[in-house]
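Residue numbers (full-length UniProt numbering): 1 to 655.
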């Protein structure tokens, strides 16, 4: 289709189309587009909508638009970019026909308005079309540079901006295979709507079927190979299940369209786009990427903050809002950043990484070029990773076999997985990841409002001790039903206030494994027996609640309480409903690493109490408390060890 100017993107002001009161995508929902301040469901108010193809052409399609299980607009099962020629209203309905959202004028929310206002107010000193090269235009620029025509760069090309404070407004693309570097941009510079696109169309795979479910058969994954910049990610050695079976031309493509911003601290990048492209801030402070959109990643990380050859730490670097799609690496990756006491740096503002080939958001682990790339004191707030191949959010600092850290804390200072990473992590909503929903380590830090649902691996897996957790929610994780996998894993000694576990069907493994942590306010309806293994609840903590509700009338509900604080008894309590109004309570201690029965109450609804005896002769120190006793077997004699006011005696009860 030709002769239209379709430049208004149909997108939700939020990163994905979700229900207003939850983080669930509006699966199989519908979107109606109409004139501003009208009801777009009425056909009389509707306006034309178009698919924008990779070559820039447009094809009109009928309404309503369809939302897939991940909250993205699809057409015939494929992700598409939808545009209109004008501002519009938008109504969103769920699969049951109920309205979940209405926006009277999307342009009031849309970042493209920034460009409209910029056109009115900003007089460009230089336009690229007037110069032979981008360097020529940059050298001539005084206060601004307009990229008004596509620029075809060569791999390794560098543009030196000589420290100028510029606004670079991009109305066209940077096209090429390889790396383009902007260096020496002055503090306060802005790059608006940059758009990176590969020259070559890559081979990509899709790991998801038409229903949005994970494809697990390697041969089926390989059969999805196609050439596209937007319909999947390019496989790499990280795709261990299929890599050896890939054709050599796919293994060797090594394709990126990568903008590096170097020696340019204090700049803002507004609304970066990519059509098989990526961005990197190299050895900079205070670089912010605002609202990435229409972003399809290449074979690198979509957005990265790097410091490959420096022992300095960098700060003030952010990704704020927006979303990225696909990419062989992570959606955002940090290398050697430290936000300091102010936690200055990270990902905030509602960022959604979608179907990344690695993790959604990541802090790099271990060393590069003999220098530790670990990160400290960052903030990760309002992140919604969806269907990432590895982890939704991966905040580990140490990975693999312990080896001495280089240019960082030594192992003598902090044990492996116990560095003082001290990140602030809040409102993470990981959905249907192939690996772990939220993964991390460290000896300090604060995690609040962490949600993980339908991850094939663990939903929440945080190693190390000394952290505080508030409100953890796990919904049907270990979706792959892997033996030995647990849904929530917190292996160190931490403080946990608020755990919600919801399972509609029961996977193998434990619902929560936190044997060294103090837990308050645990709610786990319908969780089966022996699936909760936690530390203790301290008696001085106010407001303790443990709610574990059995599925069936004869279902056992079990909580393992292990020794964390030696002043608190370690116990396991089971409640079994066996008749109308009746229950049985059994009490255990953890002896060694196994539960050991101490008392059973109301077995068979007889109203009696059964007390366990020791099978071996007890030493005097077994009864340390005055006016108490313990019973044991001495051969065939049942004997009581009695502490009467501090005086110990032994009395045979049977012979």
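Yeah, the Cβ is synthetic: ideal placement off N, Cα and C, and Gly gets one too.
From the DSSP output, in three-state form, read off residue i for me.
| i | result |
| --- | --- |
| residue 343 | coil |
| residue 406 | coil |
| residue 564 | Interpretation of residue 564 is limited by its pLDDT of 44, a score under 50 that renders its predicted location unreliable; no figure is taken from the coordinates. |
| residue 106 | helix |
| residue 382 | strand |
| residue 144 | strand |
| residue 388 | coil |
| residue 176 | coil |
| residue 239 | coil |
| residue 152 | strand |
| residue 45 | helix |
| residue 249 | helix |
| residue 365 | coil |
| residue 603 | helix |
| residue 640 | strand |
| residue 483 | coil |
| residue 294 | coil |
| residue 650 | strand |
| residue 111 | Since pLDDT at residue 111 reaches only 45, below the 50 mark, its modelled position is unreliable, and the value read off the structure follows with that caveat. Residue 111: coil per DSSP, three-state reduction. |
| residue 54 | coil |
| residue 275 | strand |
| residue 137 | helix |
| residue 183 | strand |
| residue 206 | coil |
| residue 663 | Lying before the first or after the last residue shown, residue 663 is absent from the chain, which here runs from 1 to 655. |
Just how far apart, CA to CA, sit residue i and residue j?
| i | j | result |
| --- | --- | --- |
| residue 318 | residue 306 | 12 Å |
| residue 234 | residue 260 | 20 Å |
| residue 267 | residue 192 | 11 Å |
| residue 197 | residue 253 | 16 Å |
| residue 238 | residue 296 | 19 Å |
| residue 482 | residue 460 | 15 Å |
| residue 400 | residue 464 | 14 Å |
| residue 214 | residue 434 | 8 Å |
| residue 77 | residue 387 | 16 Å |
| residue 462 | residue 490 | 5 Å |
| residue 366 | residue 508 | 32 Å |
| residue 393 | residue 452 | 10 Å |
| residue 56 | residue 173 | 12 Å |
| residue 281 | residue 159 | 15 Å |
| residue 500 | residue 430 | 15 Å |
Check whether the Cβ atoms of residue i and residue j sit closer than 9 Å, and answer yes or no.
| i | j | result |
| --- | --- | --- |
| residue 495 | residue 474 | no |
| residue 402 | residue 395 | no |
| residue 697 | residue 156 | Examination of residue 697 is not possible in this model, given that the chain is present from 1 through 655 alone. |
| residue 643 | residue 617 | no |
| residue 364 | residue 422 | no |
| residue 355 | residue 232 | yes |
| residue 416 | residue 398 | yes |
| residue 314 | residue 285 | yes |
| residue 103 | residue 75 | no |
Looking only at its own chain, which residues have a Cβ that is under 6 Å from the Cβ of residue i, when we skip the five neighbours before and after it?
| i | result |
| --- | --- |
| residue 163 | 184, 186 |
| residue 480 | 456 |
| residue 291 | 111, 271, 321, 322 |
| residue 279 | 259, 272, 303 |
| residue 602 | 584 |
| residue 447 | 425, 469 |
| residue 513 | 486, 489, 533 |
| residue 540 | Residue confidence is low: residue 540 scores 36 on pLDDT, short of 50, so the model does not pin down where it sits. Its coordinate-derived value is still stated next. If we look at residue 540 and ignore the five residues flanking it on each side, it has no Cβ neighbours. |
| residue 510 | 486, 531, 533 |
With a CB to CB cut of under 8 Å and the five nearest residues on each side skipped, what residues in its chain are close to residue i?
| i | result |
| --- | --- |
| residue 613 | 631, 632, 633, 638 |
| residue 129 | 148, 149 |
| residue 241 | 218, 221 |
| residue 629 | 623, 640, 641, 642, 643 |
Once the 5 residues before and after residue i are set aside, which same chain residues still bring their CB inside 7 Å of it?
| i | result |
| --- | --- |
| residue 413 | none |
| residue 40 | 32, 33, 34, 46, 89, 90, 91 |
| residue 647 | none |
| residue 654 | 637, 638 |
So residue i packs on residue j, CB below 8 Å; how close in whole Å?
| i | j | result |
| --- | --- | --- |
| residue 419 | residue 442 | 5 Å |
| residue 426 | residue 488 | Not quite, the Cβ-Cβ distance comes to about 17 Å (not below 8 Å), so this is no contact. |
| residue 28 | residue 95 | 4 Å |
| residue 298 | residue 257 | 6 Å |
| residue 206 | residue 230 | That belief does not hold up - the Cβ atoms of residue 206 and residue 230 are roughly 11 Å apart, past 8 Å. |
| residue 246 | residue 222 | 7 Å |
| residue 437 | residue 384 | Residue 437 to residue 384, Cβ: 11 Å. No contact. |
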